[in-house]
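Protein chains in written order, with our numbering: chain X, 14 to 523; chain W, 733 to 832.
For each residue, glycine too, the CB sits at the ideal point set by N, CA and C.
Computed from a predicted structure; not experimentally measured.
Reading through the structure tokens given below for one structure.
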């Protein structure tokens, strides 16, 4: 394996700036890695080799001409397929958008291009970001590089698996109920959901507009911060975009120090419902932070137990209206019934053929929750729970600087294990959903491997809205302390994927 | 609250413009019943004194000047992904059926 692909984005950026390596070389190394292992991992739905190399060559030319470039210029990046990309297919993991090439870039994509990053391609995801395992992708699941028979998390399993398997140093994700943080947890990577409105949603194919947020997917906390600094900021194209100026997240990581930091442990999310090894690594991380000056306090968030119920009313309600745009007229698939039909019949046939089972399930659920006579009982009540969850956060943050929870209840489960049980699948997001309901930011940082199965475990930190820098402070500090204990990054323990690929080829699976 | 039956699911599918098969309707009727039973939990704490929240970060009306922006698609760009167009417009299927 080339050393170039093992570098963090920050280190690669420095070597590019120093002229020790070119962006074309770095990009080619990652493209080679994708060729070698993506048959087994299936993190990518589309790889744009030609344009990536052309973009890299352009960055190299600009650097040679003495142009002032940002810290990530020339560094490759993978982009979740939920973000529209000019000139690259954008499907959101759905058959209904197969082959659609958008005429414009989403704002976060435009910003990474302007910062000189090199988009490699689009990553796999649950269809329209509905899921926790990528098994709901219309194009087949992504495999967890730690164990190819297990889920990489979801919906952003492709982005997380791409950085975990060294196919890309950075990726963009989207998080509606945990789709950045839960994949980070099960793949030993870092994922951040910024404050709602910190990153523009313009050009992000909407799932639930009041919950969706774009954020970084990386191997180190500093890399997440550097990418966060590129994509955050006000965008007039998104009316929910926060107009405030943001402090540097990268500075927060570089100055990371937990002395005097008050960390609240949410007691409702530290229970028997979580796998023993997940809780063990969670508590060890907290003890490590405590030994280094943090103060650990137990807090209660009594309404978090209602968060999943509220989420599975609000999300389907918003999704059912957002997905009405797939009407077989302006983009995507059109299926005409035998013998023709009216526009309504064509629309119904198209949506029947173009949407997968989970999307249909949630559209019907959302249509039901919004119907006359049920609106107040379901959607209205869910919005009230949202208020109660926000009040729990407000009360907790009156006493502590950040909250800590395990990111998800278990390590990566087997592909297929929960596919036929939607309610069991929904429970994966029990610890991540409250942040989306309240709009507060969250980070998942690797906390080690669970002793019982050797699979990665993440710890989640949550901060008040607009205080994203606190996550980078505590996350950066914990990462440094754990690295000193382990002596090597967690992903150094990743199995050799090239062997898997060879085996798969021999068995005729690839 | 109410039980969900197959007739209701068929009606919802019609409202949502998805031509579900009989088999899908049957399957979804069972699943939706279970899911609704789980999410009805919200009614335990959603008392009249609690105000609803629709948006996580409070914001007031966001206005901009009514001028043409910098990101307007050309006709060709707008039609590029359409299943059917006549070169300057989207082509849709018949609006009315024979019985109408």
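Where residue i and residue j are concerned, what is the direct C-alpha to C-alpha distance, given to the nearest angstrom?
i, j, result
"residue 4 of chain X", "residue 407 of chain X", "No answer is possible for residue 4 of chain X: the residues shown for chain X start at 14 and end at 523."
"residue 460 of chain X", "residue 411 of chain X", "27 Å"
"residue 517 of chain X", "residue 65 of chain X", "Legend: pLDDT at residue 517 of chain X = 47, less than 50; position of this residue unreliable, value from coordinates given subsequently. Approximately 28 Å between the Cα atoms of the pair."
"residue 386 of chain X", "residue 393 of chain X", "11 Å"
"residue 821 of chain W", "residue 245 of chain X", "36 Å"
"residue 23 of chain X", "residue 476 of chain X", "24 Å"
"residue 100 of chain X", "residue 332 of chain X", "26 Å"
"residue 107 of chain X", "residue 366 of chain X", "11 Å"
"residue 743 of chain W", "residue 389 of chain X", "20 Å"
"residue 308 of chain X", "residue 40 of chain X", "43 Å"
"residue 90 of chain X", "residue 29 of chain X", "15 Å"
"residue 53 of chain X", "residue 44 of chain X", "15 Å"
"residue 515 of chain X", "residue 50 of chain X", "Any answer about residue 515 of chain X is weak, because its pLDDT of 46 lies below 50 and its placement is not dependable; what the coordinates show is given next. Cα-Cα distance, rounded: 9 Å."
"residue 418 of chain X", "residue 205 of chain X", "14 Å"
"residue 378 of chain X", "residue 435 of chain X", "12 Å"
"residue 342 of chain X", "residue 159 of chain X", "42 Å"
"residue 250 of chain X", "residue 178 of chain X", "34 Å"
"residue 426 of chain X", "residue 286 of chain X", "15 Å"
"residue 92 of chain X", "residue 258 of chain X", "25 Å"
"residue 810 of chain W", "residue 803 of chain W", "12 Å"
If you measure from the beta carbon of residue i to each beta carbon in chain W, is any gap under 8 Å?
i, result
"residue 159 of chain X", "no"
"residue 394 of chain X", "yes"
"residue 95 of chain X", "no"
"residue 398 of chain X", "yes"
"residue 2 of chain X", "A question about residue 2 of chain X goes unanswered here, because the residues of chain X that appear run from 14 up to 523."
"residue 473 of chain X", "no"
"residue 447 of chain X", "no"
"residue 359 of chain X", "yes"
"residue 15 of chain X", "no"
From the DSSP output, read off the bridge partner residues of residue i.
i, result
"residue 186 of chain X", "X:228"
"residue 462 of chain X", "X:469"
"residue 417 of chain X", "X:278, X:474"
"residue 135 of chain X", "X:59, X:92"
"residue 101 of chain X", "X:98"
"residue 311 of chain X", "X:278"
"residue 160 of chain X", "X:157"
"residue 13 of chain X", "Here chain X comprises residues numbered 14 to 523, so residue 13 of chain X is not present and cannot be evaluated."
"residue 355 of chain X", "W:826"
"residue 244 of chain X", "None; residue 244 of chain X has no bridge partner."
"residue 817 of chain W", "W:822"
Report, in whole angstroms, the separation of the C-beta atoms of residue i and residue j, which I expect to be a contact under 8 Å.
i, j, result
"residue 194 of chain X", "residue 420 of chain X", "5 Å"
"residue 237 of chain X", "residue 279 of chain X", "About 22 Å; that fails the 8 Å criterion."
"residue 356 of chain X", "residue 827 of chain W", "6 Å"
"residue 534 of chain X", "residue 328 of chain X", "In the structure as shown, chain X starts at 14 and stops at 523, and residue 534 of chain X therefore has no counterpart that could be examined."
"residue 322 of chain X", "residue 770 of chain W", "6 Å"
"residue 190 of chain X", "residue 240 of chain X", "Contact flag wrong, Cβ pair sits at about 21 Å."
"residue 428 of chain X", "residue 162 of chain X", "6 Å"
"residue 462 of chain X", "residue 474 of chain X", "So it is not a contact: roughly 20 Å between Cβ atoms."
"residue 17 of chain X", "residue 33 of chain X", "With 8 Å as the limit, residue 17 of chain X and residue 33 of chain X do not qualify as a contact, their Cβ atoms being about 10 Å apart."
"residue 133 of chain X", "residue 61 of chain X", "7 Å"
Quick check on residue i - is its C-beta less than 8 Å from some C-beta in chain X?
i, result
"residue 737 of chain W", "no"
"residue 829 of chain W", "yes"
"residue 787 of chain W", "yes"
"residue 763 of chain W", "yes"
"residue 820 of chain W", "no"
"residue 755 of chain W", "no"
With a Cβ-Cβ cutoff of 8 Å, do residue i and residue j count as a contact?
i, j, result
"residue 94 of chain X", "residue 138 of chain X", "yes"
"residue 122 of chain X", "residue 36 of chain X", "no"
"residue 481 of chain X", "residue 454 of chain X", "yes"
"residue 55 of chain X", "residue 135 of chain X", "no"
"residue 398 of chain X", "residue 319 of chain X", "yes"
"residue 490 of chain X", "residue 271 of chain X", "yes"
"residue 72 of chain X", "residue 424 of chain X", "no"
"residue 409 of chain X", "residue 282 of chain X", "no"
"residue 534 of chain X", "residue 316 of chain X", "Any answer about residue 534 of chain X is impossible in this case: the structure gives chain X only from 14 up to 523."
"residue 203 of chain X", "residue 228 of chain X", "no"
"residue 575 of chain X", "residue 166 of chain X", "No answer is possible for residue 575 of chain X: the residues shown for chain X start at 14 and end at 523."
"residue 169 of chain X", "residue 196 of chain X", "yes"
"residue 118 of chain X", "residue 277 of chain X", "no"
"residue 324 of chain X", "residue 450 of chain X", "yes"
"residue 186 of chain X", "residue 504 of chain X", "no"
"residue 470 of chain X", "residue 230 of chain X", "no"
"residue 182 of chain X", "residue 25 of chain X", "yes"
"residue 786 of chain W", "residue 396 of chain X", "yes"
"residue 235 of chain X", "residue 21 of chain X", "yes"
- Item | Interfacial residues, the stretch 802 to 816 of chain W to chain B, with Cβ spacing under 9 Å | Here the protein chains are X and W, and chain B is not one of them.
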